[in-house]
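Number of protein chains: 2
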Amino acid sequence: MDAVFRALADPTRRQLLDSLHARNGQTLNALCAEMDMTRQAVTKHLAILEEANLVTTLRKGREKEHYLNPVPINEIAERWIGKFERHRLDALSDLKKRLEREEP
Amino acid sequence: MDAVFRALADPTRRQLLDSLHARNGQTLNALCAEMDMTRQAVTKHLAILEEANLVTTLRKGREKEHYLNPVPINEIAERWIGKFERHRLDALSDLKKRLEREEP
DNA sequence: TAAATATGCAACCATTTGGTTGCATGTCAA
DNA sequence: TTGACATGCAACCAAATGGTTGCATATTTA
Chain X
1237 MDAVFRALAD
1247 PTRRQLLDSL
1257 HARNGQTLNA
1267 LCAEMDMTRQ
1277 AVTKHLAILE
1287 EANLVTTLRK
1297 GREKEHYLNP
1307 VPINEIAERW
1317 IGKFERHRLD
1327 ALSDLKKRLE
1337 REEP
Chain H
1237 MDAVFRALAD
1247 PTRRQLLDSL
1257 HARNGQTLNA
1267 LCAEMDMTRQ
1277 AVTKHLAILE
1287 EANLVTTLRK
1297 GREKEHYLNP
1307 VPINEIAERW
1317 IGKFERHRLD
1327 ALSDLKKRLE
1337 REEP
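From first to last, the protein sequence lines are chains X and H. Note that the working numbering has the first sequence beginning at 1237, numbered continuously upward. Note that the working numbering has the second sequence beginning at 1237, numbered continuously upward.
In structure tokens form, the structure reads like this:
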């Protein structure tokens, strides 16, 4: 899960995920076209996404297709974000009460 | 939002959020007690969490209380993760179909 | 087969990051 | 008021990160 969080930390990688979300199965060159950096830099980002299991690749001759895998993101939403969301309103009202009480 | 993602990328900072989730309003020293690093290192992590608006502080005399702010996490869940979750099953079945079709 | 195309690998570099140590400041309490 | 305690600030350092360039390999296609 750490790998997923670290992978999501970079804006370029989130942009790559967005791009795949818009059009799934894009080739490396296709993805590079919209990124303002060298192909090798994009390759590295994709490798990180792949290692975090956020992207799955499929070799097709000399091309490599990239597919978005939303499962790890879903797991984060379920396991980690969910527990903070659950107490969202509670925590907010707690904070509000505290602030009102402590700073008259 | 970039600041939130980057803040969440570090395991120490997620641990700090967990700690505040378990017991809200902890002081810096209290938080340091469970972290295996110097107070100054923890201070830096808390500063990053504060800048990402994930933690709110309240000065209380010579102590500083830290409160979890779940709103940014909720925003991420809503605005960013939601759109990937929405197509989760679709994307999975798409991928499955493709793999079956392309690799007989 | 030869040229063009798509990707892979590795060395290298600047900046950021995560941590340290040392000292300063502010507040509580005896 | 003085000593202890909680926090703040700054310089410094090693390692990770994000990017580059150069060259190698594999697959089309003319």
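We put the CB at the ideal spot given by N, CA and C, even for glycine.
Candidates the options, of which the one nearest residue i by Cα
i	options	result
N1305 of chain X	X:A1266, X:L1290 and X:D1246	X:L1290
E1364 of chain H	H:E1314, H:A1288 and H:T1279	Residue 1364 of chain H cannot be examined here, being either before or after the span of chain H that is shown, 1237 to 1340.
The beta strand (DSSP E) enclosing residue i, as first and last residue numbers
i	result
E1299 of chain H	E1299 to L1304
T1248 of chain X	Taken as a continuous stretch (DSSP letters only), T1248 of chain X belongs to no beta strand (DSSP E), being part of the alpha helix (DSSP H) at P1247 to A1258.
L1294 of chain X	V1291 to K1296
CB of residue i within 8 Å of CB of residue j, strictly
i	j	result
F1241 of chain H	L1285 of chain X	no
D1238 of chain X	H1281 of chain X	no
M1271 of chain H	T1248 of chain H	yes
Residue i - containing alpha helix (DSSP H), residue span
i	result
L1267 of chain H	L1264 to A1269
L1244 of chain H	D1238 to L1244
Distance between residue j and residue i (C-alpha atoms, nearest Å)
i	j	result
A1277 of chain H	Q1251 of chain H	14 Å
K1319 of chain H	P1308 of chain X	14 Å
M1273 of chain X	S1255 of chain X	15 Å
L1253 of chain H	K1296 of chain X	43 Å
E1299 of chain H	W1316 of chain X	29 Å
E1311 of chain H	A1269 of chain H	30 Å
Looking at C-beta atoms only, is the number of pairs between the stretch 1264-1274 of chain H and the stretch 1250-1266 of chain X that lie closer than 8 Å three or more? no
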